[in-house]
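As structure tokens, the structure follows; a few thoughts come after it.
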Amino acid sequence: MTEKQAYKELQRCLKHNETISIQKLKRLLETLEFEKLTQSNNDLRRQNQKLRRRIERFKNMEG
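So the sequence shown is numbered by our numbering: it starts at -11 and just counts up by one.
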């Protein structure tokens, strides 16, 4: 199953509020590399926080 197929299948199940087996859900999430997506999201949040702090520091220095 490709990543695109897994995404469509997961979307379909969520849209129609279907019950799926844990094995099927695991397979879909593995295909979508869910942990990598979660990790990259956390990394982006950390970067965003750092940038916001820098912006605040620059504003404080100017003002």
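Note that beta-carbon positions come from the ideal geometry of N, C-alpha and C, so glycine has one too.
Scanning its chain for C-beta atoms nearer than 6 Å, with the 5 sequence neighbours on each side dropped, one finds around M(-11) the residues T19, in chain order. For S9, the three-state secondary structure derived from DSSP is coil. A straight line joining the alpha-carbon of N29 with that of H4 spans about 27 Å. Rounded to the nearest angstrom, the gap between the Cα atoms of E6 and M49 is 54 Å.
By the criterion of at least three beta-carbon pairs nearer than 8 Å, the stretch 11 to 18 is not in contact with the stretch 30 to 43.
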